[in-house]
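Quick look at the structure:
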């Protein structure tokens, strides 16, 4: 079983976010980066599948050298090898294009796991683009995966319930919480950290540096406004505020 997990390096949710160059570039100074949480669910599931069926787990990302600590953490958690494609990941298309090119030419996989989305840009597009470029089936928002031979039984959330699917390998899934539980996530121990230093982290140059998008400006959310409390018995005032101030009536 050859499993590939796509990893994104994202800012910790507690980090203070700022922008430079008139709001057009993200300021990474002082920001702690972590494995994208949805990708970490996928990596943990990959480790469980490897332990149950054997095989190899490879993590892959598109980024410059600053993402390597996150890749090393993935190796410390238990991945067998890592691949970094040396290019700034400017959009979903260029990211998916680089990963697809590598996998199509170097590393055929039985299962490719992405996160449902990354928590920085929340694009949620890499998995679907990757599936189109590789002509593979894709199941997004996947919160259940069981294998029986060469067949995968998958569960995903849909409006009003869950959908249960069956698919032959190879395939791509976009994982989320439920694929594994938070209690199943693995914290690297000292042995894993030491072993990670000896595991291969291959760095490859990108084959296509083109990008289809350009960021003009980022905007922070507006500060929260002061709250007005209205007595439960004063419906006339509540209606007046909703109509004239909030403009929702």
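Residue numbers (my numbering): 856 to 1104. Glycine included, each C-beta is placed from N, C-alpha and C at the ideal position. All of these numbers come straight from a predicted model, not from anything done at the bench.
I'd like the list of long-range same chain contacts for residue i, defined as Cβ closer than 6 Å, with 5 residues on each side in sequence excluded.
i	result
residue 1104	1097 and 1098
residue 1055	936
residue 953	917, 940 and 1061
residue 967	859 and 1027
Could you tell me the alpha carbon to alpha carbon distance between residue i and residue j, rounded to whole angstroms?
i	j	result
residue 861	residue 916	6 Å
residue 878	residue 1088	46 Å
residue 1066	residue 1027	23 Å
residue 1050	residue 931	7 Å
residue 880	residue 870	16 Å
residue 864	residue 1094	46 Å
residue 1080	residue 1091	22 Å
residue 868	residue 886	10 Å
residue 891	residue 1042	14 Å
residue 1064	residue 1082	48 Å
residue 1073	residue 910	42 Å
residue 893	residue 1047	21 Å
residue 999	residue 914	20 Å
residue 1031	residue 897	7 Å
residue 920	residue 942	9 Å
residue 923	residue 1058	10 Å
residue 1036	residue 1045	23 Å
residue 1015	residue 1029	19 Å
residue 1086	residue 1101	17 Å
Note down, in chain order, each residue of its chain lying with its Cβ closer than 7 Å to the Cβ of residue i, except the 5 sequence neighbours on either side.
i	result
residue 895	1040
residue 944	917, 918 and 950
residue 978	947 and 972
residue 904	856, 858 and 1002
residue 874	880, 881, 882 and 1073
residue 1005	1023 and 1024
So the candidates are the options; which of them puts its Cα closest to the Cα of residue i?
i	options	result
residue 937	974, 928, 1089 and 945	928
residue 1008	1015, 1021 and 1050	1021
residue 981	920, 857 and 948	948
residue 901	1049, 935 and 1095	935
residue 993	969, 1005, 1004 and 870	969
residue 989	1011, 975 and 957	957
residue 961	978, 940 and 976	940
residue 950	974, 918, 924 and 975	918
residue 888	1082, 999, 973 and 905	973
residue 1052	884, 1084, 933 and 1070	933
residue 987	959, 923, 876 and 922	959
residue 1070	923, 1014 and 976	976
Tell me whether the beta-carbon of residue i lies closer than 7 Å to the beta-carbon of residue j.
i	j	result
residue 955	residue 991	no
residue 1068	residue 946	yes
residue 856	residue 899	no
residue 1034	residue 965	no
residue 858	residue 925	no
residue 1012	residue 996	yes
Is residue i close to chain D, meaning its C-beta is less than 7 Å from at least one C-beta of that chain?
i	result
residue 878	In summary, chain D is missing from the structure at hand, where a single protein chain is found.
Measuring only from the beta carbon, is residue i closer than 6 Å to any heavy atom that is part of the ligand COA?
i	result
residue 954	Among the components of this structure there are no ligands whatsoever, and the ligand COA is therefore not found.
field: Complete runs of the alpha helix (DSSP H) confined to the region 1041 to 1091 [at least 4 residues]
entry: With a minimum length of 4 residues, the continuous alpha helix (DSSP H) runs that stay inside the region 1041 to 1091 are 1045 to 1051.
query: What are the uninterrupted segments assigned as beta strand (DSSP E) that are 3 or more residues long and contained completely in the region 997 to 1023, given in chain order?
result: 1006 to 1013 and 1016 to 1023
- request: Would you mind listing the alpha helix (DSSP H) stretches within the region 923 to 953 that are 4+ residues and don't spill past its ends, in chain order?
  value: 923 to 932
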